[in-house]
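What follows is a single structure, written as structure tokens, with notes after it.
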Amino acid sequence: MSRIAYLFPGQGSQYIGMGKEFYDTYPEAQAVWKLADKVLQNLYWQDKREAQADSGHPYSMEQLTFEENPYINITEYTQIAMLTMEVAILKVLEAKGLKAEMAAGLSLGEYGALAAAGVMELPDLFRIIRMRGIYMQEAYPEGGAMAAVLGLDGDIVAKICGQTAKETGKVVSVANYNCPGQIVITGEADAVEAASEALKEAGAKRCVPLKVSGPFHSALLKNAGEQLAEEL
Numbered sequence: 001m002s003r004i005a006y007l008f009p010g011q012g013s014q015y016i017g018m019g020k021e022f023y024d025t026y027p028e029a030q031a032v033w034k035l036a037d038k039v040l041q042n043l044y045w046q047d048k049r050e051a052q053a054d055s056g057h058p059y060s061m062e063q064l065t066f067e068e069n070p071y072i073n074i075t076e077y078t079q080i081a082m083l084t085m086e087v088a089i090l091k092v093l094e095a096k097g098l099k100a101e102m103a104a105g106l107s108l109g110e111y112g113a114l115a116a117a118g119v120m121e122l123p124d125l126f127r128i129i130r131m132r133g134i135y136m137q138e139a140y141p142e143g144g145a146m147a148a149v150l151g152l153d154g155d156i157v158a159k160i161c162g163q164t165a166k167e168t169g170k171v172v173s174v175a176n177y178n179c180p181g182q183i184v185i186t187g188e189a190d191a192v193e194a195a196s197e198a199l200k201e202a203g204a205k206r207c208v209p210l211k212v213s214g215p216f217h218s219a220l221l222k223n224a225g226e227q228l229a230e231e232l
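Take the sequence shown: its letters are residues 1 to 232, numbered as in full-length UniProt numbering.
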């Protein structure tokens with residue numbers, strides 16, 4: 001008999017309409033969106049629907065995830081939207097009798113894996129992720145960036161990031177070793193851009209900016225990590 005493992009993605013893979021077919025088709029998925037919306041109403045959106053609508057900010061999980069808006073790529077919104085979608089699909093699979101023997105995730109996706117493992121109650125998990133997104137956004141609200149470097153050895157990427165950081169006096173470093181030939185770098189936006197140019201000159205096939213609003217997995221978010229540790 002085959003063994004099942006669930007893998008959950010992180011930020012950068014979000015898009016408007018993600019999970020919409022599940023929402024429209026399965027009550028289990030819709031219930032997750034409704035639960036996340038209820039948690040956020042109590043935590044953040046309470047008594048703000050009208051003001052949020054007038055300002056153009058999202059005021060419900062459905063509006064954030066399914067309707068065109070720029071906030072889907074802003075960390076404090078992206079994370080809760082991604083996790084809601086991941087848990088919704090998880091609950092549909094579980095309702096179909098598919099139970100994973102193991103689960104893992106990349107960055108934010110680790111919290112989807114925690115949901116699959118039953119480590120935390122969903123209301124607590126949604127609240128934690130909402131606060132995680134806020135802490136990360138507040139720690140470095142603008143000027144941060146990440147990029148995927150394709151076709152270059154990790155040691156070379158790390159060396160060039162170090163050289164760029166020294167030359168610019170700004171933060172840029174390796175964030176993730178995704179797989180051989182795909183390394184993610186992170187840091188201050190202009191330093192990431194400078195490193196990307198140097199990496200392409202060194203032989204990288206491409207340096208692809210990621211759809212994120214901050215320098216995740218970098219020393220710039222140390223304070224956010226400390227705040228989240230207290231929350232946990």
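Quick reminder that beta carbons are idealized off the backbone N, C-alpha and C, glycines included.
Exercise. Hey, how far is the Cα of residue 221 from the Cα of residue 183?
Worked result: If you take the alpha carbons of residue 221 and residue 183, they lie about 19 Å apart.
Exercise. Taking just the CA atoms, how far does residue 132 sit from residue 223?
Worked result: Residue 223 and residue 132 have their C-alpha atoms spaced approximately 11 Å apart.
Exercise. On the three-state DSSP scale, how would you describe residue 191?
Worked result: DSSP places residue 191 in helix when its eight states are reduced to three.
Exercise. To which residues does DSSP link residue 2 through a beta bridge?
Worked result: BP columns for residue 2 are empty, so no partner.
Exercise. Beta-carbon separation of residue 215 and residue 146 under 8 Å?
Worked result: Yes, these two residues count as a Cβ contact at 8 Å.
Exercise. Are the Cβ atoms of residue 187 and residue 170 separated by less than 8 Å?
Worked result: Closer than 8 Å, so yes.
For this session: With DSSP as the reference, label residue 131 as helix, strand or coil.
Result: If DSSP states are grouped into helix, strand and coil, residue 131 belongs with the helices.
Exercise. Is residue 172 helix, strand or coil when you go by DSSP?
Worked result: Residue 172 falls in the strand class under three-state DSSP.
Exercise. What residues in its chain sit with their C-beta under 8 Å from that of residue 104, if we drop five residues either side in the sequence?
Worked result: Leaving aside the five residues that flank residue 104 on each side, the residues in its chain whose CB is nearer than 8 Å to its CB run, in chain order, 5, 6, 7, 8, 110 and 113.
For this session: Output the distance between the C-alpha atoms of residue 149 and residue 219, rounded to the nearest integer angstrom.
Result: In a straight line, the C-alpha of residue 149 is about 20 Å away from that of residue 219.
Exercise. Is the segment 26-33 touching the segment 78-98 in the sense that three or more CB pairs, one from each, lie closer than 8 Å?
Worked result: Touching, yes, given that three or more Cβ pairs across the two stretches are closer than 8 Å.
For this session: With a 10 Å radius around its C-beta and 16 neighbouring C-beta atoms as the bar for buried, classify residue 161 as buried or exposed.
Result: Counting Cβ neighbours within 10 Å, residue 161 comes out buried, since at least 16 surround it.
Problem set entry | Beta-ladder partner(s) of residue 183, from DSSP | DSSP lists 149 and 177 as partners of residue 183.
Exercise. Is residue 177 closer than 8 Å to residue 203 when the C-beta atoms are compared?
Worked result: Result no, Cβ atoms of residue 203 and residue 177 do not sit closer than 8 Å.
Problem set entry | Same chain, Cβ closer than 6 Å to residue 3, five either side skipped, listed in chain order | Counting only Cβ-Cβ distances below 6 Å, and skipping sequence neighbours, we find 101.
For this session: Would you mind sorting residue 24 into buried or exposed? The rule is 16 or more other CB atoms within 10 Å of its CB.
Result: Classification for residue 24: exposed.
For this session: Tell me whether residue 19 is buried or exposed, calling it buried when 16 or more other Cβ atoms sit within 10 Å of its Cβ.
Result: With 16 or more Cβ atoms within 10 Å of its Cβ, residue 19 is classed as buried.
Exercise. What distance in whole Å lies between the Cβ atoms of residue 108 and residue 82, which are believed to be in contact at a cut-off of 8 Å?
Worked result: About 6 Å separates the beta carbon of residue 82 from that of residue 108, a gap short enough to meet the 8 Å contact definition.
For this session: Assuming residue 74 and residue 14 form a contact by the criterion Cβ under 8 Å, report the distance between their Cβ atoms to the nearest whole angstrom.
Result: Rounded to the nearest angstrom, the Cβ distance from residue 74 to residue 14 is 10 Å, too far for a contact under 8 Å.
Exercise. Which runs of the alpha helix (DSSP H) fall wholly inside the segment 18-42 and span at least 4 residues, in chain order?
Worked result: Those alpha helix (DSSP H) runs which fall completely within the segment 18-42 and span 4+ residues are 20-25 and 27-40.
Problem set entry | Outcome for residue 207 when other beta-carbon atoms lying within 10 angstroms are tallied against a minimum of 16 | Taking all protein chains shown into account, residue 207 has 16 or more neighbouring C-beta atoms within 10 Å of its C-beta and is therefore buried.
Problem set entry | Secondary structure of residue 9, DSSP reduced to three states | Here residue 9 carries a coil assignment [DSSP, helix/strand/coil].
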